[in-house]
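2 protein chains.
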Amino acid sequence: MEFKLARINLSTQKVTEEKIDEKTLRRFIGGRGLGAYLALKEIPKGIDPFSLENKVYILTGPIVGTAAIESGRYHVVAKSPLTGILGDANSGGQFGPWLRFAGYDGLVLEGASEDPVWISIVNGEIKFHDAKHLWGKGVIHTEKVIRETMGVTKESLGSVLSVGPAAENRSRIAAVMNDRYRAAGRSGLASVIASKGVKAIWAYGNRKVLDELYDKRKYMEEAKKLIKKILEHPISKSLNEFGTAVLVNVINAHGALPTKNWTRGTFEKAFNISGERLAEVYLKARKGCWGCAIQCSRVSEVESGPFKTPISEGPEYETIWANGADTMIGDLDALVKANYLLNDMGFDTISFGSTVATLMEIYERAKKGELPEEKAKELFELLGDVNPEWGNPHALIQLIWMAAYRNRIGDLVAEGAKRLAEYFGVPEAAIHVRGMEMPAYDPRGINSMALSYATSNRGGCHLRAYSVSFDVLGVPKKFDPLGIDMEKVQLVKMQQDYFSFIDSVIVCKFNTFASGPEDYVELMKAAMGWEDFTVEELLETGERIYNTERLFAVREGTNYRDTLPKRLLEEPLPDGPAKGRTAKEALEKYLPEYYKLRGWEDGKPLPETLKRLGLEEFLYIVS
Amino acid sequence: MEFKLARINLSTQKVTEEKIDEKTLRRFIGGRGLGAYLALKEIPKGIDPFSLENKVYILTGPIVGTAAIESGRYHVVAKSPLTGILGDANSGGQFGPWLRFAGYDGLVLEGASEDPVWISIVNGEIKFHDAKHLWGKGVIHTEKVIRETMGVTKESLGSVLSVGPAAENRSRIAAVMNDRYRAAGRSGLASVIASKGVKAIWAYGNRKVLDELYDKRKYMEEAKKLIKKILEHPISKSLNEFGTAVLVNVINAHGALPTKNWTRGTFEKAFNISGERLAEVYLKARKGCWGCAIQCSRVSEVESGPFKTPISEGPEYETIWANGADTMIGDLDALVKANYLLNDMGFDTISFGSTVATLMEIYERAKKGELPEEKAKELFELLGDVNPEWGNPHALIQLIWMAAYRNRIGDLVAEGAKRLAEYFGVPEAAIHVRGMEMPAYDPRGINSMALSYATSNRGGCHLRAYSVSFDVLGVPKKFDPLGIDMEKVQLVKMQQDYFSFIDSVIVCKFNTFASGPEDYVELMKAAMGWEDFTVEELLETGERIYNTERLFAVREGTNYRDTLPKRLLEEPLPDGPAKGRTAKEALEKYLPEYYKLRGWEDGKPLPETLKRLGLEEFLYIVS
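Residue numbers (the working numbering), protein chains in the order written: chain A, 40 to 662; chain B, 40 to 662.
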């Protein structure tokens with residue numbers, strides 16, 4: 040198989056084609072893995088993420104767009120302006136497949152254009168277009184104009200990736216958007232794309248990637264088996280029925296729905312903002328990413344009132360949680376609208392809602408006189424007419440505009456929770472790992488998540504290991520979420536490695552409730568012709584990727600230590616089934632065992648580990 | 040007296056000083072008059088208002104800052120991006136006086152800076168400063184940063200003039216702001232300043248302008264007499280008590296409060312948004328412009344709730360009307376907040392509210408199926424999550440952000456009502472004269488305003504002639520607002536000429552309820568040493584100014600004809616004391632008489648009129 044990158048220099052508008060050799064592909068697969076490897080080799084240590092030296096890798100994987108098993112994804116990798124280490128994010132929709140159909144398996148953006156441009160990629164031809172008229176505009180308008188310019192208005196044909204005003208204004212929590220409502224949300228990479236002067240990328244073409252597979256017939260057979268397994272799984276079914284927001288009630292019932300900026304584990308208005316209620320009141324249709332039969336995406340509408348929102352996609356569980364429970368906003372009308380605006384402005388909805396929750400806590404403390412007088416005065420001045428009281432949806436909505444254009448307090452909200460809280464001298468009000476805001480599972484109530492979060496390479500993230508699957512959902516088997524069990528450590532590590540493969544190949548993680556590494560061995564043989572491929576190699580590949588990512592942080596000399604926010608380690612939950620719990624015990628017990636399994640010490644891979652994984656070229660980082 | 044301009048070329052950052060000779064000063068006084076004269080001489084015909092060839096005149100007048108009779112004003116003149124003819128606007132606060140104290144009686148901005156700058160003027164020294172960090176920011180933040188940079192944080196010292204995001208994004212309804220809450224609002228001149236790359240101007244210094252007057256002692260005596268007269272007038276007293284919003288109930292009672300985009304003349308929620316209610320619920324303090332004892336400005340606050348607004352100035356009658364009655368928003372909380380945001384973003388509140396009212400009408404008609412299908416579809420797409428139903432304050436608030444940054448429908452709102460309505464094929468939904476949105480007095484209920492509006496040089500405006508004063512307030516004597524009386528024509532012309540002088544000298548128009556031209560004769564003698572100055576010369580000077588402004592439009596070959604929006608001429612008011620009335624009869628009767636008095640024909644000054652006024656140099660325009 041040929042895996043072809045277009046290396047696009049924005050400073051010179053020169054494009055060079057580059058083939059990834061078979062050996063590298065087998066060692067890093069594609070997507071997230073290949074991105075980590077190239078970034079570690081090519082991005083110099085210590086650079087400013089917004090400098091010319093940063094590079095953006097927009098990568099698909101070898102089975103993306105093969106009409107099978109939810110393979111409609113792409114991955115973005117760059118040095119993150121939010122964490123200062125390797126950032127990466129992944130998105131569905133249609134862009135990944137269409138990028139391949141357009142002739143490229145991945146793009147590398149280098150340098151920077153002085154004037155904003157958008158890029159069209161059509162059947163291998165890359166062109167640069169003036170984007171001055173699009174700069175400052177939202178994602179929805181941008182996509183519309185580009186489609187009209189290209190003469191392709193049918194939604195199922197071609198795809199636009201774009202960045203919104205948030206990214207143009209260098210928000211550290213800006214999301215790469217595609218197909219209007221899909222986001223490669225985390226770690227602020229959209230702002231790196233914007234810093235290169237790129238507003239959008241159009242991809243369209245006729246390449247038949249399925250035909251390029253080693254054994255198409257066998258591949259389709261294996262894929263069908265897997266799809267059947269996936270579609271029959273009860274979690275797939277409830278994802279279809281209620282969307283990801285099906286989790287609101289489940290996680291709330293476990294006392295692990297972070298509420299009021301992680302000071303509580305249950306939200307009394309959880310049902311109001313649940314997937315069940317979304318389906319009942321707002322749902323107009325179900326939708327899937329390219330080639331996906333699960334159809335977990337919601338098409339919703341708020342028909343009238345102050346939060347009227349047109350038919351549009353979302354909101355997802357994480358969006359609802361961060362902008363809802365975490366801020367105490369129990370009004371789903373407002374959350375549907377907030378989701379729409381956050382997409383249009385191009386924000387990471389998790390980081391945004393979490394940052395607003397942090398602001399609400401800071402505001403409450405300022406009103407109580409708990410901030411230094413000067414800082415409180417400045418806060419009130421910067422807020423002006425914003426009233427960030429717990430539960431006020433109007434503050435949330437206005438903050439989206441203010442952060443997108445960095446107005447007043449918006450200038451700090453756009454920086455994310457950590458910098459906001461530090462600015463006001465209350466760093467503990469930001470709930471983050473490595474500077475990235477944490478998602479919707481309280482590790483005090485689901486203790487395996489303590490390890491999953493702390494060891495996540497990109498920062499506060501539920502997608503490196505989704506140990507909720509065994510602690511709560513019983514996949515592959517059920518554990519007590521509050522019980523210490525060292526088997527969880529093995530499972531967390533296994534998930535991290537398996538998911539590294541999944542994010543590289545690339546398929547949707549929702550496959551993994553039904554699948555295990557063993558399900559991908561035959562598929563990969565058929566796709567790639569790797570006749571001797573095994574479960575062990577698959578997991579070792581994932582482990583190689585995981586270590587490569589970690590090496591980026593180690594080389595930066597920062598943000599590679601594995602820990603959790605003070606609040607989660609020291610403040611017991613005051614409510615719900617996990618009342619009285621912290622995440623301290625779990626983290627302290629799990630982490631040494633994890634390091635043993637990983638061959639790491641104090642967050643750093645040992646030299647022998649790198650040798651075992653064939654990462655000798657990076658030995659210089661740890662020696 | 041020396042009247043000194045600084046001519047600032049932004050392209051080269053070169054400043055040249057220029058003295059206005061005594062003869063020109065006596066012919067055009069200063070401010071609005073001098074601006075009109077210089078603009079007509081210096082701005083070439085037919086240029087794009089945003090081109091390098093446009094010039095911005097920021098002018099004070101010869102008695103500005105003389106600690107007497109509300110002389111704290113300045114005037115801005117340039118070719119208007121809203122009307123395409125001469126634009127001008129006037130503002131109080133402190134900037135006018137401080138510009139003089141800083142050593143200049145006026146500024147002319149020419150050319151354009153590539154990178155945004157702000158300008159400091161301190162005791163005759165003009166410096167250019169990088170304004171990149173201020174570009175995109177609101178007015179409040181901009182002023183704060185500039186004051187901190189200059190080390191002058193005491194509010195009563197020095198003054199900042201600035202433009203907000205609205206102007207940066209070339210809104211045609213952007214207001215020049217100063218002292219945070221004061222606006223030279225009309226005709227979109229802030230965007231011309233922004234097009235020159237200028238974000239703000241700081242003025243500070245120790246010049247004693249009072250000492251430069253011809254006979255300071257006599258001037259102070261005359262000024263004291265006038266101040267006494269003004270302060271004793273009942274209208275001055277009610278302006279102090281209730282602010283300009285005292286007019287809400289008064290004009291509503293006359294059935295002339297334009298409601299629901301001028302489809303009605305009374306608003307059932309008028310009391311909710313009245314000056315009386317403002318004083319009762321929101322008022323924290325009264326405030327005046329530099330050296331003013333009337334103190335008509337409001338200092339208000341909304342303490343809690345969705346429309347929480349910090350202590351800030353306003354709102355004025357026009358703001359409340361345009362964003363309230365005209366849009367059917369009867370919630371004063373929302374209007375106080377909207378006023379705050381409109382100031383911070385730098386919008387003309389009259390034009391903005393009127394444009395939103397126009398949008399609401401278009402939306403209603405689109406929902407009823409009265410728009411072409413394609414246009415309705417586009418409207419709904421551009422609205423997205425905005426719900427511009429009559430009376431929805433949340434739509435108003437969000438539209439402020441969207442227009443400031445030209446997002447989706449905001450891109451059209453930023454263009455003003457006329458262009459918005461034309462875009463959707465319903466030009467009659469925009470209530471404007473010469474492209475400028477009309478203010479808060481329905482000429483169907485106050486018929487002298489038909490003439491005042493139609494003949495206003497700058498477009499829909501109540502400040503060229505404020506015939507409400509005699510038709511409603513009984514100053515100088517009471518007329519029947521619904522009765523045809525040709526004496527009104529004389530009074531309208533007299534006011535236009537008198538106000539031209541008032542705007543040039545410059546004092547606040549609220550003086551003119553108590554004063555007449557005769558009150559300024561002795562004052563001008565003392566100030567200027569014009570011993571033979573008379574009432575006749577004062578009014579002829581005003582007439583000269585009025586004709587000069589008109590010549591600008593005549594030369595452009597557009598927008599000089601005097602008429603009213605179709606709705607006001609053809610649709611009878613359905614409600615209130617003026618039920619059944621249109622403005623047609625009044626306009627048709629008054630206009631010929633007015634032209635006779637003016638020596639005009641079909642909106643154009645006759646050659647003999649120009650000769651009579653000593654405007655021979657402009658004869659080429661009319662011959």
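For glycine and all other residues, C-beta sits at the position ideal for the given N, C-alpha and C.
Close-in-space but distant-in-sequence residues of the same chain around residue i (CB under 6 Å, 5 per side omitted)
i, result
"glycine 615 of chain A", "Gly294, Gly304, Thr305"
"lysine 166 of chain B", "Ser159"
"glycine 197 of chain A", "Trp137, Val191, Tyr243"
"leucine 398 of chain A", "Pro427"
Supposed contact pair residue j and residue i - C-beta distance, whole angstroms, cut 8 Å
i, j, result
"glycine 464 of chain B", "proline 411 of chain B", "6 Å"
"glutamine 252 of chain B", "threonine 105 of chain B", "Before going further, note that residue 252 of chain B is leucine rather than glutamine in the sequence given. Going by Cβ atoms, the distance from leucine 252 of chain B to threonine 105 of chain B rounds to 7 Å, so yes, they are a contact pair."
"valine 231 of chain A", "proline 88 of chain A", "6 Å"
"alanine 318 of chain B", "glutamate 355 of chain B", "Alanine 318 of chain B to glutamate 355 of chain B, Cβ: 13 Å. No contact."
"serine 353 of chain A", "serine 339 of chain A", "Note that residue 353 of chain A is glycine in the sequence shown here, rather than serine. Yes, they are in contact, since the Cβ atoms of glycine 353 of chain A and serine 339 of chain A sit about 7 Å apart, within 8 Å."
Nonlocal neighbours in the same chain, by C-beta distance under 8 Å from residue i, ignoring five residues either side
i, result
"leucine 244 of chain B", "Here the sequence assigns glycine to residue 244 of chain B, which means leucine is not the residue at that position. Excluding residues within five positions, the ones whose Cβ falls inside 8 Å are Trp137, Phe140, Ala141, Gly142, Ile160, Val161, Asn162, Gly163."
"valine 514 of chain A", "Ile274, Ser508, Phe552"
"asparagine 129 of chain B", "Gly70, Arg71, Arg112, Tyr113, His114, Val115, Ala223, Leu502, Asp542, Ile545"
Own chain, CB closer than 7 Å to residue i, minus 5 neighbours either side, in chain order
i, result
"glutamate 357 of chain A", "Thr388, Ile389, Pro478, Ala479"
"phenylalanine 665 of chain A", "The structure shown does not extend to residue 665 of chain A, since chain A is modelled only from 40 through 662, so no value can be given for it."
"glutamate 647 of chain B", "Gly638"
8 Å Cβ cutoff, residue i in contact with chain A
i, result
"serine 343 of chain B", "yes"
"proline 204 of chain B", "yes"
"asparagine 311 of chain B", "no"
"lysine 176 of chain B", "yes"
"lysine 347 of chain B", "yes"
Residue i in three-state terms, based on DSSP
i, result
"proline 556 of chain B", "helix"
"phenylalanine 463 of chain B", "coil"
"leucine 410 of chain A", "coil"
"lysine 416 of chain A", "helix"
"aspartate 370 of chain A", "coil"
"glutamate 570 of chain A", "coil"
"arginine 311 of chain B", "According to the sequence shown, residue 311 of chain B is asparagine rather than arginine. Of the three classes helix, strand and coil, the one that applies to asparagine 311 of chain B here is helix, per DSSP."
"histidine 501 of chain B", "coil"
"glycine 145 of chain B", "strand"
"tryptophan 429 of chain A", "coil"
"threonine 63 of chain A", "helix"
"tyrosine 96 of chain A", "strand"
"valine 514 of chain B", "coil"
"threonine 494 of chain B", "coil"
Any C-beta of chain B under 8 Å from that of residue i
i, result
"lysine 376 of chain A", "yes"
"glycine 369 of chain A", "no"
"histidine 172 of chain A", "no"
"tyrosine 321 of chain A", "no"
"aspartate 218 of chain A", "no"
Query raised in the report: Below 8 Å, can you find three or more Cβ-Cβ pairs linking the stretch 513-528 of chain B to the stretch 485-492 of chain B?
Result: Touching, per the Cβ criterion.
Query raised in the report: Is the stretch 400-419 of chain A close to the stretch 498-505 of chain A, with three or more CB pairs under 8 Å?
Result: Judged by Cβ distances under 8 Å, the stretch 400-419 of chain A makes no contact with the stretch 498-505 of chain A, as fewer than three pairs qualify.
Query raised in the report: Is the stretch 201-215 of chain A in contact with the stretch 232-243 of chain A, if contact means three or more CB pairs nearer than 8 Å?
Result: Contact holds: three or more Cβ-Cβ distances are below 8 Å.
Query raised in the report: Within the chosen definition, does the stretch 42-49 of chain B reach the stretch 566-573 of chain A through at least 3 CB pairs nearer than 8 Å?
Result: By the Cβ rule, the stretch 42-49 of chain B does not count as touching the stretch 566-573 of chain A, because fewer than three pairs are nearer than 8 Å.
Query raised in the report: Can we say the stretch 559-566 of chain A touches the stretch 524-531 of chain A, given the rule of at least three CB pairs closer than 8 Å?
Result: Fewer than three pairs of CB atoms, one per stretch, sit closer than 8 Å, so the stretch 559-566 of chain A makes no contact with the stretch 524-531 of chain A.
Query raised in the report: Do the stretch 618-636 of chain A and the stretch 577-585 of chain A meet, that is, are 3 or more Cβ pairs less than 8 Å apart?
Result: Touching, no.
Query - the stretch 428-444 of chain B contacting the stretch 372-388 of chain B, beta-carbon criterion three pairs below 8 Å - result: Judged by Cβ distances under 8 Å, the stretch 428-444 of chain B makes contact with the stretch 372-388 of chain B, as three or more pairs qualify.
Report task. Could you tell me whether the stretch 85-101 of chain A touches the stretch 604-615 of chain A, where touching means 3 or more Cβ pairs closer than 8 Å? Result -> They do not touch, by the three-pair rule.
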